[in-house]
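The working numbering numbers the first residue of the sequence shown as 6 and each following residue consecutively. Below you'll find the structure, written out as structure tokens, and then a few comments.
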Amino acid sequence: MSDTASPPIRLADYCPPAWTITDVALVFDLERESSAVEATLALRCDDPGATLRLDGEDLELLAIELDGRALAAEDFAQDGSGLTVHAARGLAACTLRTRVRVHPAANTRLEGLYTSGSLLLTQCEAEGFRRITFFVDRPDVQARWRTTLRAERAQYPVLLAGGDRMAECDLGDGRHEAEWHNPHPTPCYLFALAAGPMARVSKAITGADGRAIELNVWVEGEDAEPCRYALGAVERALRWDESRFGRCYDLGVFNVVAAQDFTMGAMENKGLNIFNARYILADERTATDADFMGIESVVGHEYFHNWSGNRVTLRDWFQLSLKEGLTVFRDQEFTADLHSRDLKRIDDVRLLRARQFAEDAGALAHLVRPAEYREINNFYTLTIYEKGAEIVRMLHSRLGEAAFRAGMDRYFADNDGRSATLEDFYAAHSAATGIDCTDMLAWYAQAGTPVLDVERSFDPSTGGYTLVLRQRPPANVPDAAPLPIPFRLALYAADGRALPPPDAHDADPIPGGLLLRHATHTLRWQGLDAEPLPVLNRGFAAPIRLRMPMRPEERARIVQVESDGFARWDALQHLALDVLLARAGESVDGLGDVDAAEAALSAALGALLADTQAHPAFVAECLALPDFDTLADAVAVVDPGALAAARERLGLSLATAHREALQQRVDALRAAARGGLDDAAMAARSFRHAALAWLSRVDGGAAARRLWADAGSMTERMAALRALLHAKAEGAAPAREAFAAEFADHALVTDKWLAVVATRPAADALDDVEALVAGPYWHPTNPNRVRAIVGSLARLNPAAFHRDDGAGYRFVAAQVQALDAINPQVAARLLGAFEGLPRWTVAARGAAIAALAPMRSAALSRDVAELLGRLPA
Ligand code: PHE
Ligand code: ZN
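Written out as structure tokens, the structure is:
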């Protein structure tokens with residue numbers, strides 16, 4: 006717990022390090038309760054006379070020597086955040102050796118060296134290495150690493166660290182030792198070790214450059230079979246990076262370890278990735294299709310960091326999106342290339358609109374490159390990751406694939422082994438392509454989502470058609486300058502033909518579109534026979550809010566004539582959103598009569614259901630109505646009850662109207678849904694399960710009970726269980742009990758049913774959650790469990806979280822405070838559920854502010870204190 010008054014760290018204050026570390030030798034004597042760490046650092050001073058200051062937290066210093074001489078008490082000073090070595094003053098270089106003691110089993114923050122089950126693990130990003138030993142803990146200090154691990158062989162048979170394995174030997178006293186060497190200059194946030202009883206699946210491959218590489222995926226215990234799918238994903242990722250980006254792997258071994266206790270998704274440590282077990286362990290008995298897809302994408306993400314993050318790392322943490330935005334872009338492309346590009350884009354845009362737009366409009370909004378922070382852990386956000394990826398995608402759209410690839414090659418070549426900035430990234434692309442794209446940097450320096458207002462006019466006498474595009478600053482950044490926006494559009498004639506691009510415009514042409522740079526652009530067409538149908542921001546080429554009133558029948562027609570799958574889905578979502586907003590009492594331009602609009606929506610969905618050629622997974626995406634967060638993002642004042650009710654009512658009415666068609670297609674796809682993990686079988690399941698969610702609103706749970714009785718895979722079982730529990734249908738309770746009992750000793754599957762209970766869309770789901778937190782399933786030190794129960798309620802259950810009596814707010818606030826003493830990052834993330842508070846109704850705001858009040862006078866971590874300070878009091 007730390008003082009909240011410490012000044013923020015500012016980007017403007019960046020200075021290169023006075024002292025850097027070129028080589029590190031670490032020796033660990035590993036034990037659960039107390040481990041000893043000896044560090045020998047080769048230090049170099051680049052600023053003669055500068056004080057040698059090392060970071061270090063919660064370290065018990067046992068010994069310290071400089072250039073072979075033990076230091077006296079007056080030669081150094083230790084305080085709460087580190088160590089100052091007075092004796093090094095005036096030296097140009099020196100060797101510092103320290104020996105410290107740390108306490109892994111007591112480390113519930115899961116930062117630094119900690120225990121998970123019978124394993125010892127590390128997590129160092131962003132600033133966890135200073136909890137392992139004294140070091141210059143900043144990413145622009147890159148060293149070569151030698152790591153020696155020593156431990157009891159019986160308790161810790163496997164000893165892994167980053168890099169290549171050099172030697173292994175027996176120490177004779179029941180202990181053994183392994184030595185690892187990472188020759189690539191690497192910052193300390195990428196250091197890792199893992200020790201304990203682990204099994205692995207393994208594959209030897211040859212890289213495109215001829216290198217022999219051993220791929221291993223490890224898990225605690227004796228059975229590594231559930232790692233098989235992840236191992237395949239590692240190989241696919243490696244091959245994809247070779248072919249799409251020309252990037253080869255650079256060590257003889259790539260190790261991945263699955264951990265039951267892990268705060269984030271996974272971590273790209275050099276040569277030794279450590280993963281949250283939920284992104285590794287999977288077989289058809291225990292994992293859903295979504296789990297498999299998530300595993301492949303996260304495995305890809307961490308693997309791709311080996312170049313975008315590790316070989317080229319960050320100058321400072323303000324550049325975080327340089328590695329994260331770029332690597333998310335790369336993992337999105339990986340999934341798009343391997344599966345369906347349209348479906349991937351739909352999923353990504355759904356997340357962006359529902360969550361990142363809300364973050365960017367809420368109390369916790371921040372720049373993609375923040376100007377300051379108090380706790381960097383608070384910046385692992387959708388804005389840094391997803392908006393950051395959108396900016397890279399815009400660059401890609403602007404340059405086209407070939408030029409973008411040339412820019413990437415240049416970026417990797419110019420910055421290999423270095424710590425880079427966003428400026429370096431755009432400079433490399435500009436230099437390689439001759440196109441100055443440094444104006445993209447403006448996207449990193451402006452919070453909020455830009456709005457593009459579109460005005461259209463058609464003159465029947467001349468056939469002239471005009472679109473005026475006006476970029477408006479985000480509501481929360483009223484004085485913002487226009488940003489460069491790659492823009493794609495299509496116009497369709499009455500007969501469904503696509504019309505040529507505009508005859509005149511004042512924007513720059515880019516591959517397949519235009520680059521908008523000014524506050525206003527005008528596009529003109531001539532000689533059209535009739536008013537065309539415009540489809541704008543095709544493929545969602547820019548992360549903006551497009552505002553153009555459209556009639557319901559126009560949106561419905563896009564679904565028929567458009568070839569771009571994303572644009573078809575988007576048109577239906579917009580129509581549904583308009584209907585929902587109108588039903589919730591909002592005024593919606595261009596919608597007209599709301600019953601007629603709903604009829605148009607219903608007819609469009611009906612046509613999709615009747616179209617046996619339509620891709621089942623695409624239809625499933627269309628069946629999913631805009632979620633609560635998307636609705637909340639679209640209104641000025643959020644009345645949670647009204648929005649949730651509008652959604653429920655529309656769902657009920659559409660389900661009633663299409664019950665037969667849904668049931669027919671559910672039955673028709675039964676056999677296809679029984680296939681394995683190929684895309685066709687997954688698509689069939691995703692349709693059936695989306696349809697089931699609708700049907701269970703009107704059939705008393707009959708379809709869900711049938712699926713439950715006959716479910717083959719975990720995907721089917723979860724879909725049936727969710728439908729039963731959420732509808733409180735007959736058979737729900739026994740199904741839950743049987744399921745819970747069958748998987749009582751499987752933590753990841755237990756998390757799944759707990760999340761289903763916590764997301765039942767009803768106010769009294771809070772009572773169920775309170776019972777869970779008071780019972781045997783509650784493990785507050787396990788981040789997955791906390792997220793499954795409390796996170797699901799706070800983030801995915803508006804009916805319970807926004808209860809009228811404020812009990813949902815009070816519950817979450819109390820949990821944040823209690824969890825802060827255990828794992829501040831987990832607590833701070835939960836607090837994010839309050840980010841939308843400024844736009845809630847007066848009553849909701851008052852209740853939430855009152856719920857947060859007790860926390861304001863408590864002792865809090867820097868993580869929670871920083872976020873709480875940004876929420877209205
Ligand atoms: N760098 C990790 C990733 O995005 C995320 C992470 C951050 C993990 C901080 C742990 C701690 O892949
Ligand atoms: Zn990442």
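Idealized CB from N, CA, C, for every residue including glycine.
- Message: Nearest by alpha-carbon distance to Asn481: which of Leu220, Asp464 and Pro455 is it?
- Response: Translated into positions along the sequence shown, residue 481 becomes position 476. For the residues Leu220, Asp464 and Pro455, the minimum Cα distance to Asn481 belongs to Pro455.
- Task: Could you tell me whether any non-hydrogen atom of the ligand ZN is closer than 7 Å to the CB of Thr332?
- Result: Reading the sequence shown from its first residue, position 327 is the one you call residue 332. Checking the Cβ of Thr332 against the ligand ZN gives yes.
- Start-end ranges of the alpha helix (DSSP H) lying completely within the region 560-606, minimum 4 residues: 570-588
- Query: Under the three-state reduction of DSSP, which class applies to Tyr385: helix, strand or coil?
  - Reply: Your numbering for residue 385 matches position 380 in the sequence shown. Coil.
- Grab the span of the beta strand (DSSP E) containing Gly87 for me, first residue to last. If you number the sequence shown from 1, residue 87 lands on position 82. Note, Gly87: beta strand (DSSP E), Gly87 to Val90.
- Verify the CB distance criterion: does Pro188 have a CB-CB separation below 8 Å to chain D? Absent from the structure: chain D. Only one protein chain is present.
- Query: Does the beta-carbon distance from Ala649 to Ala804 come in below 8 Å?
  - Reply: The count along the sequence shown starts at 1 and reaches residue 649 at position 644. The count along the sequence shown starts at 1 and reaches residue 804 at position 799. Closer than 8 Å, so yes.
- Do you know whose CA, among His181, Gly179, Cys253 and Glu182, lies nearest Gly215's CA? The sequence position of residue 215 within the sequence shown is 210, counting from 1. If we check each option's Cα against that of Gly215, Cys253 comes out closest.
- Message: Check whether the region 313-332 and the region 144-152 touch, using three or more Cβ-Cβ pairs below 8 Å as the test.
- Response: yes
- Where does the unbroken alpha helix (DSSP H) through Pro645 begin, and where does it stop? In the sequence shown, the residue the question calls residue 645 occupies position 640. Counting along the chain, the alpha helix (DSSP H) containing Pro645 begins and ends at Pro645 to Ala673.
- Task: Starting from the N-terminal side, write out each stretch of the alpha helix (DSSP H) that is 4 residues or longer and does not extend beyond the region 402-438.
- Result: 406-420 and 427-438
- Item | Uninterrupted beta strand (DSSP E) stretches inside the region 226-268 (no shorter than 3 residues) | 258-264
- Assigned exposure category for Asp769 - 16 Cβ within 10 Å defines buried: Locating residue 769 in the sequence shown gives position 764, where the first residue counts as 1. By the neighbour-count rule (16 or more Cβ atoms within 10 Å), Asp769 is not buried but exposed.
- Message: Can you check which of these residues, Phe839, Ser123 and Thr332, is closest to Val869 by C-alpha distance?
- Response: For the purposes of this step, residue 869 is taken as residue 864 along the sequence shown, with counting starting at 1. Answer by Cα proximity: Phe839.
- Nearest neighbour of Ala394, chosen from Leu472, Leu872, Leu533 and Val354 [CA to CA]: Translated into positions along the sequence shown, residue 394 becomes position 389. When only C-alpha atoms are compared, the closest one is Val354.
- Query: Measuring CB to CB, does Ala408 end up less than 8 Å from Thr438?
  - Reply: For the purposes of this step, residue 408 is taken as the residue at position 403 of the sequence shown. For the purposes of this step, residue 438 is taken as the residue at position 433 of the sequence shown. In this structure, Thr438 lies closer than 8 Å to Ala408 by Cβ.
- Query: What does Ser208 pair with, by DSSP beta-bridge criteria?
  - Reply: The sequence position of residue 208 within the sequence shown is 203, counting from 1. Before going further, note that residue 208 is Lys rather than Ser in the sequence given. Partner(s): Leu220.
- Helix, strand or coil at Ala641 [DSSP, three-state]: Here the question's residue 641 lines up with position 636 in the sequence shown. If DSSP states are grouped into helix, strand and coil, Ala641 belongs with coil.
- Closer than 7 Å: is that where the CB of Glu329 sits relative to any heavy atom of the ligand ZN? On the sequence shown, position 324 is the one that residue 329 refers to. Indeed, a heavy atom of the ligand ZN lies less than 7 Å from the Cβ.
- Task: Measure the alpha-carbon distance for Trp699 versus Leu630 and round it to whole angstroms.
- Result: Your numbering for residue 699 matches position 694 in the sequence shown. Your numbering for residue 630 matches position 625 in the sequence shown. Straight-line Cα distance between these residues: approximately 10 Å.
- Contacts around Ala447, its chain only, beta-carbon distance under 8 Å, and the 5 residues preceding and following it disregarded: Reading the sequence shown from its first residue, position 442 is the one you call residue 447. So the list reads Ala486, Leu488 and Pro489, once near-sequence residues are dropped.
- Message: If I follow the unbroken alpha helix (DSSP H) through Met555, where does it start and stop?
- Response: Walking along the sequence shown from the start, residue 555 turns up at place 550. Careful: Met555 lies outside any alpha helix (DSSP H) and carries neither H nor E.
- Span separating the alpha-carbon of Thr661 from that of Leu636: In the sequence shown, residue 661 corresponds to position 656, counting from 1. In the sequence shown, residue 636 corresponds to position 631, counting from 1. C-alpha separation (whole angstroms): 22 Å.
- Query: Counting Cβ pairs, one atom from each stretch, are 3 or more of them under 8 Å apart for the region 60-72 and the region 99-109?
  - Reply: yes
- Task: Could you tell me which of Thr340, Trp312, Ala341 and Glu338 sits nearest to Leu327, measuring between CA atoms?
- Result: One-based indexing of the sequence shown puts residue 327 at position 322. Minimum Cα distance to Leu327 is reached at Trp312.
- Message: Check this for me: beta carbons of Met553 and Thr293, under 8 Å apart or not?
- Response: Position 548 of the sequence shown, counted from the first residue, corresponds to residue 553. Position 288 of the sequence shown, counted from the first residue, corresponds to residue 293. Result no, Cβ atoms of Met553 and Thr293 do not sit closer than 8 Å.
- Message: Does the beta-carbon of Glu894, which I'm using as the reference point, lie nearer than 7 Å to any heavy atom of the ligand ZN?
- Response: The chain is shown only over 6 to 878; residue 894 falls outside these bounds and no answer can be derived.
- Item | Every unbroken beta strand (DSSP E) inside the region 85-157 [3 residues or more] | 87-90, 98-107, 117-121, 124-128 and 147-157
- Could you tell me which residues DSSP pairs with Ser462 in its beta bridges? Your numbering for residue 462 matches position 457 in the sequence shown. DSSP, once it has assigned bridges, lists Thr471 as partnering Ser462.
- Whose C-alpha, out of Arg379, Val671 and Leu582, is nearest the C-alpha of Asp634? The residue labelled residue 634 in the question sits at position 629 within the sequence shown. It is Leu582.
- Message: Please identify the residue among Leu331, Ser797, Ala450 and His620 whose C-alpha is closest to the C-alpha of Ala677.
- Response: Translated into positions along the sequence shown, residue 677 becomes position 672. Among Leu331, Ser797, Ala450 and His620, the Cα nearest to that of Ala677 belongs to His620.
- Three-state secondary structure assigned by DSSP to Phe839: Position 834 of the sequence shown, counted from the start, is the residue given in the question as residue 839. Helix, per DSSP.
- Query: Does the ligand PHE have a heavy atom nearer than 7 Å to the CB of Tyr308?
  - Reply: Your numbering for residue 308 matches position 303 in the sequence shown. Because no heavy atom of the ligand PHE lies under 7 Å away, the Cβ of Tyr308 does not count as near it: no.
- Report yes if the CB atom of Leu243 is closer than 8 Å to the CB atom of Tyr161, and no otherwise. Here residue 243 refers to the residue found at position 238 when the sequence shown is read from its first residue. Here residue 161 refers to the residue found at position 156 when the sequence shown is read from its first residue. No, they are not a contact pair.
- What's the call for Asp936, buried or exposed, on a 16-neighbour Cβ count within 10 Å? The chain is shown only over 6 to 878; residue 936 falls outside these bounds and no answer can be derived.
- Item | Reduced DSSP secondary structure (H/G/I, E/B, other) of Asp34 | As a position in the sequence shown, residue 34 is number 29, starting the count at 1. DSSP places Asp34 in strand when its eight states are reduced to three.
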